[in-house]
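Under my numbering, the first residue of the sequence shown is numbered 677, with each subsequent residue one higher.
Where a beta carbon is used, it is the ideal one built from N, C-alpha and C, also for glycine.
Keep in mind that this is a model prediction, so the values were computed, not measured.
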Amino acid sequence: MVIGWTLLSASLDLFIFNNTPIYVRNPYFLLQPIVLLGGVYAAHSLTQSYQHAISEMRISQRTSDPDQFTNLTPPWLPWALFGLAASLQLIRTIADFADFTTTGVIANGVIFPFVYAPIIVQFCVVYVSIEFIAPWRLYSSDVGIHFLDPHGVGGLRPLGELVKKAYYFVVAGLIAYALITYAPSIAGWEISPTAGAIFTGVWIATILTVAFAVFVLHRFLHREKRKELQRLEAELRNYIENPWNVRQYTIPEDTADQVEDIRQRINAVSGTREFPATFSIWTQLLLSIVIPKALQLFLANT
677 MVIGWTLLSA
687 SLDLFIFNNT
697 PIYVRNPYFL
707 LQPIVLLGGV
717 YAAHSLTQSY
727 QHAISEMRIS
737 QRTSDPDQFT
747 NLTPPWLPWA
757 LFGLAASLQL
767 IRTIADFADF
777 TTTGVIANGV
787 IFPFVYAPII
797 VQFCVVYVSI
807 EFIAPWRLYS
817 SDVGIHFLDP
827 HGVGGLRPLG
837 ELVKKAYYFV
847 VAGLIAYALI
857 TYAPSIAGWE
867 ISPTAGAIFT
877 GVWIATILTV
887 AFAVFVLHRF
897 LHREKRKELQ
907 RLEAELRNYI
917 ENPWNVRQYT
927 IPEDTADQVE
937 DIRQRINAVS
947 GTREFPATFS
957 IWTQLLLSIV
967 IPKALQLFLA
977 NT
């Protein structure tokens with residue numbers, strides 16, 4: 677449908693209405709249908725990756741309410757958002773009806789509200805589920821931390837990877853938006869004066885979504901780690917005489933094994949990092965944050 681409309685609108689403008697198609701004036705607009713198809717793929721891929729992450733983390737074995745991680749959003753939410761997006765687009769179409777060409781009316785009155793809007797809404801719902809709802813559900817649950825995780829991130833590496841992957845798709849969209857808006861090497865293309873502000877606003881908003889996910893997961897790790905360390909410390913004191921004085925405490929011979937076991941557990945808990953990502957994940961995420969803005973600044977000044 678997306679590709680079909682691209683071909684149809686170009687043909688109508690070229691052969692019937694004697695207008696120069698937008699795809700001729702700015703070939704970068706061909707990225708638009710590609711991005712929309714990418715949005716369909718991204719929503720499906722992220723949904724599958726989320727299910728895989730939950731399975732890899734063994735969530736169903738670690739909580740009394742695994743269903744809260746199965747359905748992150750109510751079924752009515754995508755429909756409500758679609759209805760809102762379609763209504764706003766139709767209102768805009770009616771308000772600016774006199775300014776549109778025939779293909780513009782079809783695009784703004786049919787294609788945008790009933791083809792493009794559902795794709796964008798579906799991706800946004802999945803993205804928000806991963807960046808906002810999933811971390812908050814985990815924070816509010818009784819899942820706890822996997823302190824024996826060999827990666828040292830409390831068993832949250834799959835979710836950290838998913839947060840990064842979701843943002844990668846946004847980065848791809850931002851890059852496409854920058855190319856379409858600034859149209860490098862296209863003579864005579866006029867750039868909207870608000871283009872830079874819109875790009876920066878969207879860029880900052882998406883960074884904040886990642887920051888929220890990372891912050892919530894950090895607080896979850898911090899809370900559970902401190903709670904477990906306090907529990908182990910209290911248990912350790914039961915096996916030590918004069919535990920409050922590091923110079924004078926003694927370990928009775930009959931409790932030495934228990935003390936050593938608890939100390940090993942304390943080391944395992946203490947070694948767990950309080951951020952849900954490895955160094956490589958952080959490096960990749962920081963690069964993906966910088967690249968869209970760097971490209972936009974480069975295109976805006978060339």
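Name the DSSP bridge partner or partners of residue i?
{"i": "T926", "result": "E917"}
Closest to residue i by CA distance: which of the options is it?
{"i": "Q798", "options": "G759, G836, V886, L832", "result": "G759"}
{"i": "I957", "options": "P834, D772, L707, V819", "result": "P834"}
{"i": "T749", "options": "I770, V804, L713", "result": "V804"}
{"i": "L824", "options": "F974, Q960, R941, S763", "result": "R941"}
{"i": "H728", "options": "T746, T739, A793, G785", "result": "T746"}
{"i": "W752", "options": "I782, V801, I710", "result": "V801"}
{"i": "Y915", "options": "Q906, P928, N921", "result": "P928"}
{"i": "Y858", "options": "V966, L713, T978", "result": "T978"}
{"i": "E866", "options": "A976, I770, L884", "result": "A976"}
{"i": "P709", "options": "I796, S763, R939", "result": "I796"}
{"i": "V716", "options": "A910, Q744, V791, R734", "result": "V791"}
{"i": "H938", "options": "M733, E911, R902", "result": "What sits at residue 938 in the sequence shown is Ile, not His. Among M733, E911, R902, the Cα nearest to that of I938 belongs to E911."}
{"i": "P860", "options": "V711, L973, L884", "result": "L973"}
{"i": "W812", "options": "T870, I880, W755, V886", "result": "V886"}
{"i": "R734", "options": "H822, L712, Q724", "result": "H822"}
{"i": "V966", "options": "I880, K903, F891", "result": "I880"}
{"i": "P826", "options": "L971, R923, P952, N921", "result": "P952"}
{"i": "N943", "options": "T954, L905, T959", "result": "L905"}
{"i": "P754", "options": "P742, A719, I767", "result": "A719"}
{"i": "I787", "options": "S725, L884, L712, A970", "result": "L712"}
{"i": "R902", "options": "G830, V890, S725", "result": "G830"}
According to the Cβ coordinates, are residue i and residue j closer than 8 Å?
{"i": "E807", "j": "F875", "result": "no"}
{"i": "L897", "j": "E837", "result": "no"}
{"i": "P968", "j": "A854", "result": "yes"}
{"i": "V945", "j": "L908", "result": "yes"}
{"i": "L893", "j": "L832", "result": "yes"}
{"i": "K841", "j": "L707", "result": "no"}
{"i": "D818", "j": "S731", "result": "no"}
{"i": "Q765", "j": "A810", "result": "no"}
{"i": "Y704", "j": "I851", "result": "no"}
{"i": "I918", "j": "T931", "result": "Here residue 918 turns out to be Asn, not Ile, going by the sequence shown. No, these two residues do not count as a Cβ contact at 8 Å."}
{"i": "P789", "j": "A762", "result": "yes"}
Please check the pair residue i and residue j, which I expect to be a contact at CB under 8 Å, by giving their CB distance rounded to whole angstroms.
{"i": "T882", "j": "V839", "result": "With 8 Å as the limit, T882 and V839 do not qualify as a contact, their Cβ atoms being about 12 Å apart."}
{"i": "G947", "j": "G828", "result": "6 Å"}
{"i": "S964", "j": "Y815", "result": "Not confirmed; about 24 Å, so no contact."}
{"i": "E900", "j": "G785", "result": "With 8 Å as the limit, E900 and G785 do not qualify as a contact, their Cβ atoms being about 52 Å apart."}
Would you say residue i reaches chain D, if we count a Cβ-Cβ gap shorter than 8 Å as a contact?
{"i": "I795", "result": "Among the chains in the structure shown there is no chain D, since it carries only a single protein chain."}
Check whether the Cβ of residue i sits closer than 7 Å to any heavy atom of the ligand MN, and report yes or no.
{"i": "N921", "result": "Only the bare structure without any ligand can be found here, which leaves the ligand MN out of the picture."}
Self-check item: Every unbroken alpha helix (DSSP H) inside the stretch 774–832 [4 residues or more]
Solution: Taken in chain order, the complete alpha helix (DSSP H) segments of 4 residues or longer contained in the stretch 774–832 are 778–782, 793–804, 810–816.
Quiz item: Hey, which unbroken runs of the alpha helix (DSSP H) at 4 residues or more fall wholly within the stretch 715–775?
Solution: Within the stretch 715–775, the runs of alpha helix (DSSP H) at least 4 residues long that lie entirely inside it are, in chain order, 752–771.
Practice problem: Kindly provide the ranges of any alpha helix (DSSP H) runs that are 4 or more residues long and lie completely inside the stretch 875–909, ordered along the chain. | Solution: Unbroken alpha helix (DSSP H) stretches of 4 residues or longer found wholly inside the stretch 875–909: none.
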